[in-house]
Every structure is written in structure tokens, then in C-alpha cells.
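Undergrad:
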């Protein structure tokens, strides 16, 4: 599974927990997608974007609007809610201005520098008004962890690392009385399904591959929006199995997500380069769109310049490949997983003291490693170079995905509560590693573009435009940041003032409105 979310091989066998915790500089592209950063003269410069502070907006060409959106209401219209005087940023169109946002029902119906009247108002003076964040690499929206997602500014929670359910059962679970505050959906999970089908720890036969492919098609028809493979945790999965299901995904414009087969920088034949080559071979053979999960911890660790050179060349050759990452220098997984098989110290360039039991702060020794491995505890591994994190953040097609959601045990990675706000606080404000507009693109429009062919509902998300769904995060750029730690991951992010989902206020300063649960299912176009 994920670098967090390994399939345990110790007590408990192959069933996977719902929390899967995964997981010199190269010259990074300075311009992100061209259209994202547009200064008043029409140029595209991250430097210009970095200079803009609240109250120093560029002059936009006009308020952005989705195709087919209704015209903005008349000047005397009274909106259900108005967000007043914030720096409104829409990474899709490049709009960036101090403006007012009018909302009617579930929809953004006006963006204007003129005054707007509202039945209710939010004062966003000196705050940033952004599309709600889209976490494409999370897990089941359990009623505990999902509120930490809201605190982190997330309005759409997608389990593209695979869900441990049949699609029809998954959606039935969260529709109705268990409806969460965030939107939700996910991908077909190959490791879970092959265990569910009794294939487990061997290569699938041709007839079993046919059956697995049928299950993929059934999952798409019931709502899944992609396929997930995890060959590092399921090394018995071969090319025939992957290609068959990737071909099915291609036929429906569904992306294929990979926790790649190897995570070593220098083990001959079992290194990052070999793992990345396998993913690209799948794309070339089947034509499927492919995505690499948490690239800084799997597939790129200690080799980011070489890995990105390979992927940039593939993109230049027309292969549709993207990746995501989380902004931490440590991954996490269960000690009983295959990731901790013999030789892990050499593979990951770490020792016992670089492992910390999540939720406790305890660093391991050789003796405690053996004790906790017998208990299959989840540990954080300080194994990701800081330069790999920064290089990933400065790569324009790498987006943000947490690869975690908190559970009540709190034996979790802190990215389940602070992934997105850490990017905005530590790497944008404190380190100036990337601009605010670049960071917001990575957590709004980029994941939406990756998935919107498969999921029509996403075409109105990840954007702050007239006609878009009113999923909105309002934050203080001077304060936003993560508070969660390995020792205490269940700490709410700071600086996120308001979160609206479908026009409803679910977070207001320090108050979570837990009786407000407007989340909708994000299902495939086949439903």
C-alpha cells in the first residue's frame, strides 16, 4: 500500500488498515502551468506572485466564470452569503485580486470588486480566499479524522491509494446518516481485492486476472474513479495483472495510481529507476494515465533529480504521468510490513534511531524494534532528504496528497492533520520555496485536472469561479501552518479561519460545526 499504509505481513495477515501511512537540487520549472501566475502586464512570473501581499492585488482581466454559468445577479441582489474583502485566488484562471465573493445556495454566483449585499457575511480582510483543498491521496472519511481534514482546509477527501471496500458498500456507508462534512470517493484497490478474492501472496492466473478485471469494471460502474496498485507491498503482482486492469482503466478514462515497486536509491535491479520504468512501461503499453504516489518517499528518495529527469522526458514524449507528495522529511508504515524486511537500513540509509513510534515520540533501538515489530506498530522513519521535498514542491506537475487520515488511536503520521497547511506555512511563508499561487494550484486545480475526466462532479471543484461549487477555504497567510507532530499528531492546524462546503459553513475560527455535513459522493461518469 502506501508508504504509510503498508499491507501488514505480521499478525493480521494481508488485510490492510484504512489508514495507510506512506509513504543537490535540480533546476525546477519557475513557471507553473503558465496560466497560474499572471501579472498585470500579462507576464508569467513566480517572482511577481511572491511579491503580492494582501491588499496589493494585480488587476485581473475580470472575474472568472465556468462555461455555461449563469450571469452574475443584478446589483441589488441579496446573496445568501458574501465573503468580503479577501484576496481571492483562483489558480485555474490566474485571477488574484482583493474582491467580494457572493454565494447562493451551493454555488458561487458572483466575484466582484464592487460591494455585494448578503444575508450573512464573512469578513475576509487580510485573509486569502481560495478554492477548498482537494486531498487526492487520503482514505475512508472516518468521523474522527475527517474533522482534522476540515481544519487543514480540505473540502474533498479522495482515496486514490485505494479503498478497502467494494464500491457499492463504500458509498452506501457514507450516504445518509453517516454523511461526512467533506466530499468523498476513491479508487479500486488491487491489493485488497486480490486478498478478498483469495489470491493473496501469489501471481494471479489468467482466469483470476479476468475475474479481477471484471471487479474493476464493476467498481467503475458503482463509482470508483481509478485503480490503485502497490507492488512494493504485493511483489507477486506481475505485468499481466497490472496491464489488464490498466487497459480497463484506459477504456473509461480512469487514471492508474502506483505505490511503486521499489524505494531504494542504489540497490541494483530493485531501485527507484527500475520502479519508475515499470510505471512508464504500463503507460506506454496500455495508454493509461499514470500517477506516482508520494514520490519523495517512494520512487524518488535520494534520487529526485534523476527520477524527475526521467519523468520529464516521458511527459515530453506524450506520456500522461503525474505525481504527488507530502511536505515532510519522514514517511511512516507498520513494522510488520515488507518495507522492513532484511536490509531496510541499507535501502533507506537509516538506522534504528531514525524510527519513532507514532503517537508516543519514542525512538527505537535494536531491542525495541523487535518488540514493536511483533506488535506491528506504526513508526515514522526520518528518511527523506529536505532537498527532495523542496525539489518536489518546485516541480510544476507534482501535487499535494496527504496519504493519511487520523484514526482514534492517534498512532498516525502528522500529515493526517497538517499536510496542506504545512505547505502554506513552512514552505511558502517561512522558506519561500514556492509562491502562494503555486502552492494553491498543487492542492486545488492540479488534483482536479488529474481526476475530472473520470469524475464529472470535480469539474465544479478546485476552482473559485462563478458557477463553481462553493467549496471555499479562507486562511490567514501570516499565521497558517501545521501544529501536528509525530509525538502528538492529533493537533488541529492553525490559521484556517473559515471552511465552506457547498456553501455551508463547517468551520468558523475555532468552531467546528459538526452538525453540518454537506459532503457529496464523488462518483465516476459511469454511474
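In the numbering used here, the protein residues as written are 1 to 527. Glycine included, C-beta positions come from ideal geometry on N, C-alpha and C. Given the structure is predicted, the values throughout are model-derived calculations rather than measurements.
For the ligand GDP, is there any heavy atom lying closer than 8 angstroms to the beta carbon of residue 479?
TA: In the structure shown, the ligand GDP is absent, as is every other ligand, since no ligand is present at all.
Undergrad: So what's residue 205 in DSSP terms, helix, strand or just coil?
TA: Note: residue 205 maps to coil in three-state DSSP.
Undergrad: Residues in the same chain with beta-carbon distance under 6 angstroms from residue 194, minus the five sequence neighbours each way, listed in chain order, please.
TA: Correct list: empty, nothing qualifies.
Undergrad: For residue 416 versus residue 148, is the C-beta distance shorter than 9 angstroms?
TA: Yes, the Cβ-Cβ distance between residue 416 and residue 148 is below 9 angstroms.
Undergrad: Assuming the contact rule is C-beta atoms closer than 8 angstroms, residue 426 and residue 327 should be a hit. Round their C-beta distance to whole Å, please.
TA: Sure, about 7 angstroms apart at Cβ, within 8 angstroms.
Undergrad: In its own chain, which residues sit with a C-beta less than 6 angstroms from the C-beta of residue 516, not counting the 5 before and 5 after it?
TA: 504, 506, listed in sequence order.
Undergrad: Taking DSSP's pairing of strands, which residues face residue 157 in a bridge?
TA: Paired residue(s): 135, 184.
Undergrad: Mapping the DSSP letters down to three states, classify residue 510 as helix, strand or coil.
TA: Of the three classes helix, strand and coil, the one that applies to residue 510 here is coil, per DSSP.
Undergrad: Answer with buried or exposed for residue 315, where buried requires no fewer than 16 other C-beta atoms within 10 angstroms of its C-beta.
TA: By the 10 Å Cβ count, residue 315 comes out exposed.
Undergrad: Between the region 363-376 and the region 281-300, do three or more beta carbon pairs fall short of 8 angstroms?
TA: No, the region 363-376 is not in contact with the region 281-300.
Undergrad: How would you call residue 331, buried or exposed, if buried means at least 16 neighbouring beta carbons within 10 angstroms?
TA: Buried, by the Cβ-count rule.
Undergrad: Measure the alpha-carbon distance for residue 120 versus residue 146 and round it to whole angstroms.
TA: Each residue's alpha carbon lies about 26 angstroms from the other.
Undergrad: In angstroms with no decimal places, state the Cα-to-Cα distance between residue 244 and residue 218.
TA: Each residue's Cα considered, the two are about 15 angstroms apart.
Undergrad: Is it right to say residue 78 is buried, meaning 16 or more other beta carbons lie within 10 angstroms of its own, or is it exposed?
TA: Residue 78 comes out exposed.
Undergrad: If you run the structure through DSSP and keep just helix, strand and coil, what is residue 272?
TA: Three-state DSSP puts residue 272 in a helix.
Undergrad: Identify every run of the alpha helix (DSSP H) within the region 340-401, keeping only runs that are complete inside it and at least 4 residues long; order them along the chain.
TA: Segments of the alpha helix (DSSP H) lying fully in the region 340-401: 344-348, 366-374, 386-393.
Undergrad: Taking the beta strand (DSSP E) that residue 102 belongs to, which residues open and close that run?
TA: 95-104 is the extent of the beta strand (DSSP E) around residue 102.
Undergrad: Given a cut-off of 9 angstroms on the beta-carbon distance, is the pair residue 225 and residue 186 in contact?
TA: Against a cut-off of 9 angstroms, the Cβ pair of residue 186 and residue 225 comes out as a contact.
Undergrad: Would you kindly check if the distance between the Cβ of residue 482 and the Cβ of residue 419 is under 9 angstroms?
TA: Yes. Within cutoff.
Undergrad: Quick one, are the C-beta atoms of residue 135 and residue 158 less than 9 angstroms apart?
TA: Contact flag set, yes.
Undergrad: When DSSP labels each residue in this structure, what does residue 41 get in the three-state scheme?
TA: Its pLDDT being 29, under 50, residue 41 is placed unreliably by the model, and the measurement read from it follows with that caveat. Coil at residue 41, not helix or strand.
Undergrad: Check whether the region 233-242 and the region 203-215 are in contact - that is, three or more C-beta pairs closer than 8 angstroms.
TA: Yes: the two stretches touch, three or more of their Cβ pairs being nearer than 8 angstroms.
Undergrad: Hey, how far is the Cα of residue 510 from the Cα of residue 259?
TA: Near 36 angstroms, if we compare the C-alpha coordinates of residue 259 and residue 510.
Undergrad: Considering residue 172, what are the terminal residues of the alpha helix (DSSP H) in which it resides?
TA: 167-174 is the extent of the alpha helix (DSSP H) around residue 172.
Undergrad: How is residue 526 classed by DSSP in three states: helix, strand or coil?
TA: It is coil, neither helix nor strand.
Undergrad: Name the DSSP beta bridge partners of residue 65, please?
TA: Per DSSP, 466.
Undergrad: Using only the alpha-carbon positions, how far apart do residue 319 and residue 290 sit?
TA: Distance between the alpha carbons of residue 319 and residue 290 is about 8 angstroms.
Undergrad: For residue 311, which option in 496, 520, 277, 335 has the closest C-alpha, if you only look at C-alpha atoms?
TA: Residue 277 is the option with its Cα nearest to residue 311.
Undergrad: With a Cβ-Cβ cutoff of 9 angstroms, do residue 90 and residue 421 count as a contact?
TA: Cβ distance not < 9 angstroms, so residue 90 and residue 421 don't count as in contact.
Undergrad: Spell out a yes or no on whether the region 96-108 and the region 281-295 are touching, meaning 3 or more CB-CB pairs, one atom from each, closer than 8 angstroms.
TA: In short, these stretches do not touch, since the Cβ pair count stays below three.
Undergrad: Counting only the same chain and skipping the five closest in sequence on each side, list residues whose C-beta sits under 8 angstroms from that of residue 365.
TA: Only 352, 353 meet the Cβ criterion.
Undergrad: How is residue 330 classed by DSSP in three states: helix, strand or coil?
TA: The answer is coil: DSSP assigns residue 330 none of H, G, I, E or B.
Undergrad: Might you give, ordered along the chain, the residues of its own chain that have their beta carbon closer than 7 angstroms to the beta carbon of residue 275, omitting 5 neighbours on each side?
TA: Counting only Cβ-Cβ distances below 7 angstroms, and skipping sequence neighbours, we find 260, 261, 262, 299.
Undergrad: Compute the Euclidean distance between the alpha carbons of residue 523 and residue 63, then round it to the nearest angstrom.
TA: Those two C-alpha atoms are separated by around 29 angstroms.
Undergrad: Give me the Cβ distance between residue 335 and residue 131, rounded to the nearest whole Å; I'm assuming they're in contact under 8 angstroms.
TA: Rounded, the Cβ-Cβ distance is 38 angstroms, inconsistent with contact.
Undergrad: Please name the residue or residues paired with residue 481 in a DSSP beta bridge.
TA: Residue 481 pairs with 494.
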